[in-house]
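K.L.:
Before I ask anything, let me first share the structure, which is written out below as structure tokens.
Number of protein chains: 2
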Amino acid sequence: MAAVNLKQLAKILDLSISTVSKALRDSHEIGDATKLRVLAKAKEMDYTPNPFASGLRRNKSKTIAVVVPEVANNYFALAINGIERIAQENDYHVLIYLTHEDIEKEKGIMKHLENKRVDGVLMSVTMNTNNQTHLSDFQQKGIPIVFFDRICHEIETAKITTDDYISGINATKHLIENECKDIAFLSLGDDISIMQKRKSGYLEELLKNNMEVKRERIIKCGNDEEINYNLVKKLLSGKNKPDGIFASVEKLAITTYQVCRELNINIPNDIKIICFSNLETASLLSPSLSTITQPAYNIGKTAAEVMFKYLDKNKTYIPNENIVLQSTLHIRESSQHIV
Amino acid sequence: MAAVNLKQLAKILDLSISTVSKALRDSHEIGDATKLRVLAKAKEMDYTPNPFASGLRRNKSKTIAVVVPEVANNYFALAINGIERIAQENDYHVLIYLTHEDIEKEKGIMKHLENKRVDGVLMSVTMNTNNQTHLSDFQQKGIPIVFFDRICHEIETAKITTDDYISGINATKHLIENECKDIAFLSLGDDISIMQKRKSGYLEELLKNNMEVKRERIIKCGNDEEINYNLVKKLLSGKNKPDGIFASVEKLAITTYQVCRELNINIPNDIKIICFSNLETASLLSPSLSTITQPAYNIGKTAAEVMFKYLDKNKTYIPNENIVLQSTLHIRESSQHIV
DNA sequence: ACTATTTACGCAAACGATGTAGTAATATTA
DNA sequence: TAATATTACTACATCGTTTGCGTAAATAGT
């Protein structure tokens with residue numbers, strides 16, 4: 024029942040605690056015969072070191088934290104998948120924390136992690152993280168952070184993103200090529216970098232095509248589904264509605280689908296839609312949804328790999344580095360002009 | 024940079040370490056004036072107790088583990104959401120482990136958790152967990168397990184499930200009411216209890232309606248997408264195909280949709296489909312997908328609540344208890360007979 | 001053969017927090 | 001007033017590992 028510890032092992036083997044400990048860690052100080060004897064007995068007695076004792080002594084937790092806005096989201100779920108994979112390979116444990124897009128919760132979580140519970144943090148900030156003092160404070164404590172997707176430029180560290188700007192351009196270009204004359208952009212807040220980049224791409228492409236940039240075509244959505252629904256409904260109600268929608272995140276495209284259904288707006292005849300999404304069922308929607316799909320799994324995997332690259336070397340300082348992975352455009356029915 | 028500890032705090036306050044420790048834990052042994060002084064200084068110096076030291080001393084990790092087959096799955100993602108919520112409320116941390124339906128990985132993870140890294144484990148077993156010795160061994164170490172959804176009957180503890188048997192009956196009944204004469208059941212393995220229950224409901228309802236139970240209509244799918252695809256394709260190819268599909272899990276319904284698309288089979292005209300699913304976009308699919316939706320968030324929440332009920336009392340033994348939450352039937356186009 | 005070096009192990013001090021037992025000083029009671 | 005109880009604190013052992021240092025014995029070097 025109670026876990027066996029070094030002391031008991033040592034007594035049975037008639038060795039000192041330190042000898043057993045060193046033998047288990049394969050120290051050169053211990054003779055081969057003794058090592059084998061210890062190893063065998065340890066296995067037999069099912070010894071596993073107490074993580075708290077060794078964590079305390081070595082100041083290493085063998086644990087990383089993942090801080091994300093949500094998990095019931097295909098993008099983050101896939102990223103976590105990638106992270107967990109690499110963590111298991113490195114014999115690390117993964118703590119998960121959800122901010123639910125609440126900056127205060129994010130601050131609280133970081134505060135909680137300041138003691139050396141984790142060796143590093145992989146994070147995607149909330150849509151409202153426009154101030155990064157809680158993050159730089161955290162870094163000051165000597166725990167490295169690696170950002171993925173929703174990064175924080177001001178913090179010096181590694182950042183894994185996708186080519187949001189280019190994707191923003193491509194998505195917009197695609198809509199224009201499919202005869203859209205009046206494209207709206209559905210943003211999720213406007214504090215975070217990915218939104219700014221996606222929007223920049225959108226704006227850039229509009230300008231390039233001499234299309235008017237209208238303030239009211241940029242809809243700032245948020246975390247409240249109902250408010251978003253009403254914002255989109257307002258956008259699509261009445262005569263003066265756009266003929267193209269570029270949704271910056273999956274859920275806003277879903278909302279748009281629902282609104283269109285309610286208002287009897289036909290996609291893609293009346294309005295065309297494209298969005299950033301990792302939805303597995305995009306091709307099964309009615310109509311099938313055109314997406315810019317991010318390599319979510321690889322983003323998570325890469326973030327974890329970068330983290331371990333430094334943790335392995337016992338480096339708590341990670342220099343600035345921008346790793347950009349490519350998203351892929353999946354053109355489906357929702358954005359195509361029917362000739 | 025380095026975290027401040029009790030010793031430093033004590034020195035600055037000119038008190039002993041134990042006084043400071045007790046003051047922070049609001050012990051009755053310490054005077055009110057001193058308590059306030061300590062609290063103020065601790066806050067000022069941003070003191071947070073070292074989790075390893077206190078974990079070691081108190082033999083409490085303030086951490087629970089969640090062991091699930093996958094996270095990129097709406098059901099588990101929502102359940103994790105519920106779990107995380109309750110954990111945060113209880114000031115607990117959540118470790119996450121993915122088995123990817125691999126029983127060996129599950130065993131390895133449990134082995135890893137046997138040292139007192141966590142105070143409890145919430146888990147949904149893999150589809151291949153037909154042997155529970157690694158779980159009973161784990162329990163023997165004095166760490167409680169609570170199962171949710173994919174439970175293990177043989178282990179004595181609390182189990183949170185949904186009314187799978189009734190839902191199986193209801194789903195099948197619904198298909199029969201919609202003129203299905205030949206219903207296939209897509210199973211995910213057949214080791215785990217939810218599959219057995221869902222299948223029992225299916226079989227029961229067939230019998231009740233004097234419908235023939237054919238062995239070849241029960242398709243045992245697995246973890247490999249490609250194999251599943253081919254199994255479903257084979258089922259739906261040729262003349263002698265079923266006119267109804269009851270998919271035990273979401274992904275098998277998605278596969279069926281894809282196969283139908285490839286084979287040009289019309290849903291619901293040629294074949295009707297219903298499945299267990301927490302897919303947000305079920306209503307936006309083409310055709311919209313009829314589902315039995317489990318209260319995933321609440322299942323996770325309940326599992327966590329039960330766990331904390333015992334952890335709070337420092338009980339490591341959780342007696343058998345079956346908590347059954349109700350799923351809801353959402354009838355949409357995919358299963359409806361068009362008159 | 002006598003000193004250096006290596007080998008193989010044990011001792012004991014950390015790591016930081018907790019809690020029991022002990023101790024002065026003050027307060028309460030008979 | 002003396003015995004007892006209470007208050008407010010401190011000292012110290014403890015949790016299980018790790019690791020620097022010490023040390024005997026064995027080996028090597030000259």
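Here the protein sequences come in this chain order: A and B.
Be aware that the first sequence starts at 24, since it is given in the working numbering, and climbs by one per residue.
Be aware that the second sequence starts at 24, since it is given in the working numbering, and climbs by one per residue.
By construction, the Cβ of each residue, glycine as well, lies at the ideal position given by its N, Cα and C atoms.
Using DSSP with H/G/I as helix, E/B as strand and the rest coil, what is B/Cys-283?
P.N.:
Helix.
K.L.:
From B/Val-89, B/Gln-163, B/Lys-134 and B/Lys-222, pick the residue whose C-alpha is nearest to that of B/Ile-106; which is it?
P.N.:
B/Val-89
K.L.:
My parser needs the beta strand (DSSP E) runs of 3 or more residues fully inside the region 222-257 of chain B; what are they?
P.N.:
Unbroken beta strand (DSSP E) runs of no fewer than 3 residues, entirely contained in the region 222-257 of chain B, are found at 241-244, following chain order.
K.L.:
Tell me, please, whether the CB atom of B/Arg-140 is closer than 7 Å to any CB atom in chain A?
P.N.:
yes
K.L.:
Could you give the DSSP three-state label for B/Asn-138: helix, strand or coil?
P.N.:
B/Asn-138 falls in the coil class under three-state DSSP.
K.L.:
With a threshold of 16 other CB atoms inside 10 Å of the CB of A/Thr-184, please say whether the residue is buried or exposed.
P.N.:
buried
K.L.:
Reducing DSSP to helix, strand and coil, say where B/Gly-267 ends up.
P.N.:
strand
K.L.:
First and last residue of the beta strand (DSSP E) that includes B/Ala-207?
P.N.:
From DSSP, the beta strand (DSSP E) with B/Ala-207 extends over 206-211.
K.L.:
Using 7 Å as the threshold, is the C-beta distance between B/Ala-181 and B/Val-329 below it?
P.N.:
yes
K.L.:
To the nearest angstrom, how far is it from the Cα of A/Asn-96 to the Cα of A/Asp-247?
P.N.:
15 Å
K.L.:
Just checking: is the beta-carbon of B/Ala-95 within a distance shorter than 7 Å of some beta-carbon in chain A?
P.N.:
yes
K.L.:
Touch check for the region 284-291 of chain A and the region 318-337 of chain A: three-plus C-beta pairs under 8 Å?
P.N.:
no
K.L.:
Pick helix, strand or coil for B/Val-43, following the three-state DSSP scheme.
P.N.:
helix
K.L.:
I'd like the list of long-range same chain contacts for B/Lys-220, defined as Cβ closer than 6 Å, with 5 residues on each side in sequence excluded.
P.N.:
Asp-187 and Tyr-188
K.L.:
Which residue from A/Asn-138, A/Ala-46 and A/Asn-253 puts its Cα closest to that of A/Asn-82?
P.N.:
A/Asn-138
K.L.:
Excluding the 5 residues preceding and the 5 following A/Phe-99 in the sequence, name in chain order all residues of the same chain whose CB lies nearer than 8 Å to its CB.
P.N.:
Val-91, Pro-92, Glu-93, Ser-147 and Ala-319
K.L.:
Since B/Met-146 sits in a beta bridge, which residues does DSSP pair it with?
P.N.:
In DSSP, B/Met-146 forms a bridge with B/Val-90 and B/Phe-170.
K.L.:
As a quick exercise: from A/Ala-33, A/Pro-72 and A/Gln-155, pick the residue whose alpha carbon is nearest that of A/Cys-175.
P.N.:
For A/Cys-175, the nearest C-alpha among the options comes from A/Gln-155.
K.L.:
Leaving aside the five residues before and after A/Ala-207 along the sequence, list all residues of the same chain whose C-beta is less than 8 Å from its C-beta, in chain order.
P.N.:
Excluding the 5 residues flanking it on each side, A/Ala-207 has same chain C-beta neighbours closer than 8 Å at Arg-240, Ile-241, Ile-242, Leu-258, Pro-265, Gly-267, Ile-268 and Phe-269, in chain order.
K.L.:
Anything in chain B within Cβ reach of A/Leu-118, meaning under 9 Å, just list it in chain order.
P.N.:
Correct list: Thr-86, His-116, Val-117, Leu-118 and Ile-119.
K.L.:
Say whether the region 189-203 of chain B touches the region 216-231 of chain B, bearing in mind that this needs 3 or more beta-carbon pairs closer than 8 Å, one atom from each stretch.
P.N.:
yes
K.L.:
Quick check: is the beta carbon of A/Glu-285 nearer than 7 Å to any beta carbon in chain B?
P.N.:
No, A/Glu-285 lies away from the interface with chain B (no Cβ there is under 7 Å from its Cβ).
K.L.:
Taking contact to mean at least 3 C-beta pairs separated by less than 8 Å, is the region 156-176 of chain B in contact with the region 302-310 of chain B?
P.N.:
no
K.L.:
Taking just the CA atoms, how far does B/Leu-198 sit from B/Asn-233?
P.N.:
14 Å
K.L.:
What are the boundary residues of the beta strand (DSSP E) that includes B/His-123?
P.N.:
Premise fails: B/His-123 is in no beta strand (DSSP E) and is neither H nor E.
K.L.:
Just verifying my parser: in three-state terms, what is the DSSP assignment at B/Thr-184?
P.N.:
strand
K.L.:
Could you please tell me which residues of the region 301-313 of chain A, in chain order, have their CB closer than 9 Å to any CB of chain B?
P.N.:
Asn-301, Leu-302, Glu-303, Thr-304, Ala-305, Ser-306, Leu-307, Leu-308, Ser-309, Pro-310, Ser-311 and Leu-312
K.L.:
In three-state DSSP terms, what is B/Glu-112?
P.N.:
helix
K.L.:
According to a CB-to-CB cut-off of less than 7 Å, which residues of the region 156-167 of chain B neighbour chain A?
P.N.:
Gln-163, Lys-164 and Gly-165
K.L.:
Determine whether the beta carbon atoms of B/Pro-167 and B/Thr-325 lie at a separation below 7 Å.
P.N.:
no
K.L.:
What do you reckon, are the CB atoms on A/Ser-190 and A/Ser-350 nearer than 7 Å?
P.N.:
yes
K.L.:
Thinking C-alpha only, which one of A/Ala-26, A/Met-133 and A/Thr-86 is nearest A/Lys-66?
P.N.:
A/Ala-26
K.L.:
Give a yes or no on whether 7 Å exceeds the smallest Cβ distance from A/Ile-103 to chain B.
P.N.:
yes
K.L.:
Output the distance between the C-alpha atoms of A/Lys-130 and A/Thr-279, rounded to the nearest integer angstrom.
P.N.:
32 Å
K.L.:
Looking only at DSSP bridge pairs, what is A/Lys-295 linked to?
P.N.:
A/Gly-267
K.L.:
Taking a contact to mean a Cβ-Cβ separation below 7 Å, would you say A/Ile-109 touches A/Ala-276 in this structure?
P.N.:
no
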